[in-house]
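Going down the list, the sequences are from chains A, B and C.
Going by the working numbering, the first residue of the first sequence is number 1, and it counts up by one from there.
Going by the working numbering, the first residue of the second sequence is number 1, and it counts up by one from there.
Going by the working numbering, the first residue of the third sequence is number 1, and it counts up by one from there.
Think of the CB as a built atom: it goes at the ideal place given N, C-alpha and C, for glycine as much as any other residue.
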Amino acid sequence: MKAEQIVEAVLFASDAPLRPDEIARADESLDEDVVEAAVAALRRYYLESERAFDLVELAGGWQILTRPEYASYLDRIDTIPRPSRLSGPALETLAIIAYRQPIGRVEVEYVRGVGSSGVIRTLQDRGLVEVTGRAETLGRPLLYGTTTHFLEHFGFDSLEDLPRPDELPVVLRDREVPILPEEADDEAGGQEELSLEDPE
Amino acid sequence: MKAEQIVEAVLFASDAPLRPDEIARADESLDEDVVEAAVAALRRYYLESERAFDLVELAGGWQILTRPEYASYLDRIDTIPRPSRLSGPALETLAIIAYRQPIGRVEVEYVRGVGSSGVIRTLQDRGLVEVTGRAETLGRPLLYGTTTHFLEHFGFDSLEDLPRPDELPVVLRDREVPILPEEADDEAGGQEELSLEDPE
Amino acid sequence: MEPRERGPGMGDAMEGTDLLQVELDRFTGPMDLLLHLIRQQDIDVFDIPIRRITDQFLTATEWIRAANLDTAGEFLEMAATLIGIKARMLLPRPEAEEDEDPRAELVRRLLEYEQIREVAHRLERAEADRARRRTKGWVEERPGPRPEDVPLETTWEEVFKAALGVELVEPVDRHHRVTPRTVSMDRKVTLILERLSDAPDGIAFRSLVTPFDDPMHGVMTLLAGLELGRRREIRLRQSAPFQELWMYLRPGERESS
Numbered sequence: 001m002k003a004e005q006i007v008e009a010v011l012f013a014s015d016a017p018l019r020p021d022e023i024a025r026a027d028e029s030l031d032e033d034v035v036e037a038a039v040a041a042l043r044r045y046y047l048e049s050e051r052a053f054d055l056v057e058l059a060g061g062w063q064i065l066t067r068p069e070y071a072s073y074l075d076r077i078d079t080i081p082r083p084s085r086l087s088g089p090a091l092e093t094l095a096i097i098a099y100r101q102p103i104g105r106v107e108v109e110y111v112r113g114v115g116s117s118g119v120i121r122t123l124q125d126r127g128l129v130e131v132t133g134r135a136e137t138l139g140r141p142l143l144y145g146t147t148t149h150f151l152e153h154f155g156f157d158s159l160e161d162l163p164r165p166d167e168l169p170v171v172l173r174d175r176e177v178p179i180l181p182e183e184a185d186d187e188a189g190g191q192e193e194l195s196l197e198d199p200e
Numbered sequence: 001m002k003a004e005q006i007v008e009a010v011l012f013a014s015d016a017p018l019r020p021d022e023i024a025r026a027d028e029s030l031d032e033d034v035v036e037a038a039v040a041a042l043r044r045y046y047l048e049s050e051r052a053f054d055l056v057e058l059a060g061g062w063q064i065l066t067r068p069e070y071a072s073y074l075d076r077i078d079t080i081p082r083p084s085r086l087s088g089p090a091l092e093t094l095a096i097i098a099y100r101q102p103i104g105r106v107e108v109e110y111v112r113g114v115g116s117s118g119v120i121r122t123l124q125d126r127g128l129v130e131v132t133g134r135a136e137t138l139g140r141p142l143l144y145g146t147t148t149h150f151l152e153h154f155g156f157d158s159l160e161d162l163p164r165p166d167e168l169p170v171v172l173r174d175r176e177v178p179i180l181p182e183e184a185d186d187e188a189g190g191q192e193e194l195s196l197e198d199p200e
Numbered sequence: 001m002e003p004r005e006r007g008p009g010m011g012d013a014m015e016g017t018d019l020l021q022v023e024l025d026r027f028t029g030p031m032d033l034l035l036h037l038i039r040q041q042d043i044d045v046f047d048i049p050i051r052r053i054t055d056q057f058l059t060a061t062e063w064i065r066a067a068n069l070d071t072a073g074e075f076l077e078m079a080a081t082l083i084g085i086k087a088r089m090l091l092p093r094p095e096a097e098e099d100e101d102p103r104a105e106l107v108r109r110l111l112e113y114e115q116i117r118e119v120a121h122r123l124e125r126a127e128a129d130r131a132r133r134r135t136k137g138w139v140e141e142r143p144g145p146r147p148e149d150v151p152l153e154t155t156w157e158e159v160f161k162a163a164l165g166v167e168l169v170e171p172v173d174r175h176h177r178v179t180p181r182t183v184s185m186d187r188k189v190t191l192i193l194e195r196l197s198d199a200p201d202g203i204a205f206r207s208l209v210t211p212f213d214d215p216m217h218g219v220m221t222l223l224a225g226l227e228l229g230r231r232r233e234i235r236l237r238q239s240a241p242f243q244e245l246w247m248y249l250r251p252g253e254r255e256s257s
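Following this line, the structure appears as structure tokens:
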């Protein structure tokens, strides 16, 4: 293995700039001078062959970076929004929040049977869900509801327009049905049997 | 700017595989065909000029990775993250989910003979497994499947790269079997209509 | 390879002991142990000597219980399954069910499990190969698009469909969990011997189990009974399939051991 290749591999894979003495630890055949020479050879080579990247001296060490003139291309990769869809868990969580708002995270998790903070965060990031207040109960947990953007996106004038047909599960059809068992604690791991009674 | 250089810059600045259509978003001059051609040219070039890295087809896209023969050098450098490895139970659970997806927790546990909710949760946390839906059966249990990151972690381009069951050298006997008896409970009740065939 | 013998209980269990000179916690579960026993002895999976395997499995399960492994309860479940199969093998089979081998489901599970193990090995190798290649270590953070700028293709129909599917789901892990330490087989052995010492006419299995009203006590009592039978300390008798199981002390044998 040539010194140049080892140095290239190390600099490529490192998540921080490396000093020549640090790079030299990769192999017994390397010392600071050998590394310095390899770095110089690589730089020359990247320049001549018009690579899109370069070796840059940074914070007392070396790092491989894309050349600055490509920055505008890279920006487009990330900032051109690509259309996306909600995942199954996100759809389910959004449905629960839409029908039961204002609702706390614990209640959402109790209905779904799985932790939901990540999904709720995603829905918040997408502007479909927002914090609408705090419950009066112990710990004053955050309550979530849907946003104006939610109404716009799905074409509703107001929350009153959400359909509530009989085939909806009771827990979503009727806001009065309790979600958590009587003495549920903060965890969604409720030990109680929850009996849902039909309000009729 | 040549297409090849833009593609190189984009791939170099990404820590995940990118599909040709994603790469093409970097500039109007690019389309999928141009990108594919540039990728092929870069691969050839990295090989001929003996770069320490290579273009690899992964999870449906392309990514620049170091060549495997440099692993031992990289292991000696602190700033190079060590890839994590999965435990035996995690691999076993992942094997079941990969082949039978979408699959519920109870079915996984029936195959393994042990409770698996903790392992499944760990695999979810590591982004290797995700909830893909719910079964239509009683209790509507969650169904799990593998993620794109699963492909990246194991170096597969797609699920097609997993060995086909009939390629597996099994000692006991290879046969296509349904995963669960009609109403699987935890007992191997053995009421199946499976009749044992002669091994010869 | 081990010679294939079909001797009675005790010898087989000892053989199983030799076969298990390995770290017990390397077994990921009862299926793994069972597969190991069958492979190690080069057993024809379509004709499993269920008595020998059950005895070996019980011996190993005892050690696993002694080692207090988390999965002990699951090994016990499998032990109970094996005992169930063993029992059904002993019963005369009605004409109509002649084709149904009580071992069939077990065989199916073993074959499937073996395949999964092979896949797990392949995955492990793939993971090791992949780990030898490293990604770019440092990648510049660039601001992504604002999430609300991302066009959302989701329609209300999809949300509504998800709403229809919502129902209260039992939290994971509330599944019945066997707690191995609360019911010890040693205690059951002692209980059986104590009760039998006052009962020259034997005692019914049911009378040992009924007070506890818990399937795990039943399993452990049965295991203890089978263990005592194997040690030739007691005799087990059943007049007909599914009839009461009776236990009798064998005083002479016991003193000599």
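Any C-beta of chain B under 8 Å from that of residue i
| i | result |
| --- | --- |
| A:Pro165 | no |
| A:Ile6 | yes |
| C:Leu196 | no |
| A:Ile77 | yes |
| A:Tyr70 | yes |
| C:Asp129 | yes |
Rounded distance between the beta-carbons of residue j and residue i, thought under 8 Å
| i | j | result |
| --- | --- | --- |
| A:Tyr99 | A:Leu180 | No, A:Tyr99 and A:Leu180 are not in contact; Cβ-Cβ is about 16 Å, not under 8 Å. |
| A:Leu168 | C:Thr154 | Going by Cβ atoms, the distance from A:Leu168 to C:Thr154 rounds to 19 Å, so no, they are not a contact pair. |
| B:Ile120 | B:Val114 | 12 Å between Cβ atoms; not a contact. |
| C:Val189 | C:Glu158 | That pair is no contact at about 60 Å. |
| C:Asp129 | B:Gly155 | 6 Å |
Interface flag, residue i vs chain C, CB-CB below 8 Å
| i | result |
| --- | --- |
| A:Val111 | yes |
| A:Tyr99 | yes |
| B:Thr66 | yes |
| B:Arg19 | no |
| A:Ser84 | yes |
| B:Ala3 | no |
| B:Arg140 | yes |
| B:Gly189 | Note on B:Gly189: pLDDT 37, under 50, position unreliable in the model; no value is reported. |
| B:Gly155 | yes |
| A:Val39 | no |
Contact check, residue i vs residue j, beta carbons under 8 Å
| i | j | result |
| --- | --- | --- |
| B:Val7 | B:Leu42 | yes |
| B:Val131 | A:Gly88 | yes |
| B:Glu152 | B:Leu55 | no |
| B:Thr66 | A:Ser14 | no |
| A:Thr137 | A:Ile97 | no |
| A:Ala90 | A:Tyr70 | no |
| C:Arg103 | C:Ile43 | no |
| A:Ala202 | B:Tyr73 | Examination of residue 202 of chain A is not possible in this model, given that chain A is present from 1 through 200 alone. |
| C:Ala224 | C:Ile203 | no |
| C:Thr59 | C:Ala79 | no |
| C:Arg230 | C:Arg250 | no |
Cutoff 8 Å: residue i Cβ touching any chain A Cβ
| i | result |
| --- | --- |
| C:Glu158 | yes |
| B:Ile80 | yes |
| B:Thr137 | no |
| B:Glu160 | no |
| C:Lys86 | no |
| B:Gly133 | yes |
| B:Glu57 | no |
Contacts that residue i makes with chain C (C-beta to C-beta distance below 8 Å)
| i | result |
| --- | --- |
| A:Leu91 | Thr154, Glu158, Val159, Lys161, Ala162 |
| A:Pro178 | Within 8 Å Cβ-Cβ: nothing; A:Pro178 doesn't reach chain C, min ~11 Å. |
8 Å Cβ cut-off: residues of chain B touching residue i
| i | result |
| --- | --- |
| C:Thr28 | Gly88, Pro89, Glu92, Arg112, Val114 |
| A:Ala16 | Thr79 |
| C:Leu249 | Within 8 Å Cβ-Cβ: nothing; C:Leu249 doesn't reach chain B, min ~31 Å. |
Where residue i meets chain A, residues with beta-carbon distance less than 8 Å
| i | result |
| --- | --- |
| B:Leu74 | Ala9, Val10, Ala13, Ala26 |
| B:Phe53 | Glu8, Ala9, Phe12 |
Cross-chain neighbours of residue i in chain C, by beta carbon under 7 Å
| i | result |
| --- | --- |
| A:Ile204 | The structure shown does not extend to residue 204 of chain A, since chain A is modelled only from 1 through 200, so no value can be given for it. |
| B:Thr145 | Note on residue identity: the sequence assigns Gly, not Thr, to residue 145 of chain B. Neighbours of B:Gly145 on chain C: none; closest Cβ ~15 Å, over 7 Å. |
Chain A residues whose Cβ lies nearer than 7 Å to that of residue i
| i | result |
| --- | --- |
| B:Glu204 | Examination of residue 204 of chain B is not possible in this model, given that chain B is present from 1 through 200 alone. |
| C:Arg134 | Ala13 |
| C:Gly202 | Result: empty, since nearest Cβ-Cβ is about 42 Å, beyond 7 Å. |
Segment contact flag, the region 91-105 of chain A with the region 131-150 of chain A, C-beta cutoff 8 Å, min 3 pairs: yes
Stretch-stretch touch, CB-based, cutoff 8 Å, three pairs: the region 112-124 of chain C with the region 37-52 of chain B: In this structure the region 112-124 of chain C does not lie against the region 37-52 of chain B, because fewer than three pairs of beta carbons, one per stretch, are closer than 8 Å.
The region 36-47 of chain C contacting the region 63-83 of chain C, beta-carbon criterion three pairs below 8 Å: no
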